[in-house]
DNA sequence: GATGAATGAGAGTTCATTCAT
DNA sequence: CATGAATGAACTCTCATTCAT
């Protein structure tokens, strides 16, 4: 095995891991946890069932890894346009629209997140790495509260009144039971802002 | 068979059905759909596995029946104090607090609803009877919009900005990751009101 | 309970028994032994599942009773035109055509008989009453052999070469995979006669 | 993995499949479809229940595969001595005796075939491959009819008057309710010949 | 006599996981 | 590293039969 093959293998390994995660996302988002047996994940990702246990300890580990993976992507999407550097309330509006657009443009990811977070899995949810990565969001709200822009409510309440609304609306748009124009969308973002504004 | 025994039978049958629904709620809310096999539901409700199929066509039917049952109870809880007869915004605040209290006081029901609504089951969700029973809520918002109290956004958006926030916060309170005082609670209700106020 | 009600009951009992037998025939002939659970037999015959065990010891007993019942009807059908009183070979031709017509006109009974006789049930087949009733057929062949009309082969062989052919062809006609004109039919009857003729 | 082990694996898989088919044949021929649950088939063939679904899609598929397998063996047995190359009526007599001997020497296969063909399974019976393989038999009769040896009756009728008689007699011999000497056997074969001879 | 709710063993089938190759 | 045959426990659901009413 030479340098080239090592490199190739490495690429292959990452690609294989990604293929497994993608297949898992496809199947769970489309058919739920019930509809995503390891055998189908293997078939859809073009690998053997056995090798999945090389990349992930077990099925729960695979699902948690997928969750973390998606939440990281969501995070990146939220930071488009560097909202954390903008002044309030522009920062908030950008953040909210970023979230909303991520959800709407990633229906599979959105369905998976909602399924995961409302299942008994999230024993894991308190994943430390993930919490750390989301710390800046807590801080952004904290500062807005310190400056008197935002009501003095606990962060989870603020989150529920704002970002989670984006997720909820996106879910309905994905289902096809709702459609919002750009104007309406902005109106909703401002409604969320109004909800938390002091 | 006399009048009494007829009555007793009737009670027994209803009680058995209820026992099955309760056991299902217990197990699913605690351990998820995976953790609620028919065998455990039977054991926990004190009946044989076979008889469950006398009361419900299959497991899906059982789960949907449980969902409808809970949503009907939620509806009743929302109407305590006849909010639909009160003037705006009292009607809204009552409604919101009723919902919140139902969720917090019925943690199992709340966890079940969230799991169900975020699973691939809700092909059924568009249950006609249920939609009909919730029609008054749509109408209440409709009237508030007509009178100029509420922004002209689609009902699902209004719902997401208000009642669904109550559910989300209750979920966190149930998990123990959040605690709200009565004052904070009222502040949140008013925040929701502010979100939709014209 | 007076005389009238006794009579009525008696009629009802016989009718109920017949209804059960008919439903069993319907279901088994159409869907096989697998497709005829007691619950469906009860529903189709308009009685409760429990009462079936008043008329029959168990499901095997019901099935055997149905078999005997049908074989008795077949016997009656074979004797139309009193073939046993006619001279050879008219007696044979009449008998053969009688059989054939019974099978073709009673597709459910035919399918049931074939299923029953080729299942592991016929431990019972050696039903004594039934054998006694079919004795005249054995005797008829016996006499034809004594008179030198028929080859000296065991009765089961004669039967296989003649009557069973009628059953086999009828089965195919019922399935729709074969159609015989009256001329062809007579030709087949005569072919059977030729097979056993000395 | 060396050449030997490759060969062994191949053998093992085929052997396992064969073991499953054999166990199925054993159980169904002895105790009927009812008496052959997957659990018993697994035990008798020395494999786990699960692996059966690796070799066969479901139980119906297993049973149909067994049927096709047996009919192919029967076909081979019928062609012993190359009857299709012999002149009429030798070809016929050979064919008939071949069939008869196959049935008598393979009682399990015979019982299984009869059960299968008289159950509601044979939706499959019109298996195309199988029909193709039996085409030569149709042709052999066709030619005999063309040459004026055989009556101008449809093939199914000819088959019923001849080959099916062999099956019927073999069934009785297997049950023990009939025993034929070699002389008698030949007499029956000739009786069948007489039945169809022009 | 008549009902049908109730039982519980057992049916066919699936699936996470392992391990010989 | 990679495979996929193999396991066997667990799943949903069925059904002959019983028995309180």
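Chains as they are written, first to last, in my numbering: chain A, 1 to 198; chain Z, 199 to 396; chain F, 397 to 594; chain B, 595 to 792.
Backbone N, C-alpha and C define an ideal beta-carbon position, used for all residues, glycine too.
Source: prediction; values computed, not measured.
Within chain A, the residues whose beta carbon sits less than 8 Å from that of residue 394(Z) are 191, listed in sequence order. When rounded, the separation of the alpha-carbon atoms in residue 172(A) and residue 107(A) is 10 Å. In chain order, 316, 317 make up the part of chain Z whose C-beta sits under 7 Å from the C-beta of residue 115(A).
Only those residues of the stretch 519-540 of chain F whose C-beta falls short of 8 Å from the nearest C-beta of chain B would be listed, and there are none. Per DSSP, residue 732(B) is one residue of the alpha helix (DSSP H) stretching across 729-740. Given a length threshold of 4 residues, each whole run of the alpha helix (DSSP H) inside the stretch 483-508 of chain F is given here in chain order: 486-501. Secondary structure at residue 47(A): coil, using DSSP grouped into helix, strand and coil.
A direct Cα-to-Cα measurement between residue 317(Z) and residue 158(A) gives close to 26 Å. Within the stretch 355-378 of chain Z, the residues whose Cβ lies closer than 8 Å to any Cβ of chain A are, in chain order, 355, 358, 359, 362, 363, 366, 367, 370, 375, 376, 378. Under the Cβ criterion of 7 Å, residue 386(Z) is counted among the residues facing chain A.
Cβ neighbours of residue 792(B) within its own chain (closer than 7 Å, five residues either side excluded): 742, 743, 744, 745. Under DSSP, the beta-bridge partners assigned to residue 593(F) are 546(F). The beta carbons of residue 71(A) and residue 130(A) sit closer together than 7 Å.
For residue 560(F), the enclosing alpha helix (DSSP H) stretches over residues 559-571. About 20 Å separates the CB atoms of residue 368(Z) and residue 266(Z); that is not less than 8 Å, and the two are not in contact. When the beta-carbon positions are compared, residue 562(F) and residue 495(F) come within less than 7 Å of each other. Residue 428(F) belongs to the set of residues whose beta carbon lies under 7 Å from a beta carbon in chain B. Sixteen is the threshold: when 16 or more other Cβ atoms of the shown chains lie within 10 Å of the Cβ of residue 312(Z), as they do, the residue is buried. With fewer than 16 other beta carbons inside 10 angstroms of its own, residue 374(Z) counts as exposed.
Collapsing the DSSP output to three states places residue 750(B) in a helix. Contact check for residue 300(Z) and residue 272(Z): beta-carbon distance about 6 Å, within the 8 Å limit, so the pair qualifies. Taking the C-beta atoms as reference points, residue 19(A) is found no nearer than 7 Å to residue 48(A). Contacts with chain A (Cβ-Cβ distance below 7 Å) from the stretch 277-302 of chain Z involve no residue at all.
Between residue 574(F) and residue 739(B), the alpha-carbon positions lie close to 19 Å from each other. Counted as a single uninterrupted DSSP element, the alpha helix (DSSP H) harbouring residue 462(F) occupies residues 455-474.
Taking a Cβ-Cβ cut-off of 9 Å, the neighbours of residue 629(B) in chain F comprise 516, given in sequence order. The three-state secondary structure of residue 516(F), taken from DSSP, is coil. Annotated three-state conformation of residue 479(F) is helix, per DSSP. Assignment of residue 32(A) by DSSP, reduced to helix, strand and coil, places it in the coil class. In the three-state scheme derived from DSSP, where H, G and I count as helix and E and B as strand, residue 25(A) is classed as helix. 7 Å or more divides the Cβ of residue 351(Z) from the Cβ of residue 287(Z). In the three-state reduction of the DSSP assignment, residue 414(F) falls in the helix class, which pools H, G and I. In this structure, residue 617(B) lies away from residue 591(F), with their beta-carbon atoms at least 7 Å apart.
Within 7 Å of the CB of residue 778(B), the CB atoms of chain F belong to 549, in sequence order along the chain. Rounded to the nearest whole angstrom, the CA to CA distance from residue 76(A) to residue 358(Z) is 25 Å.
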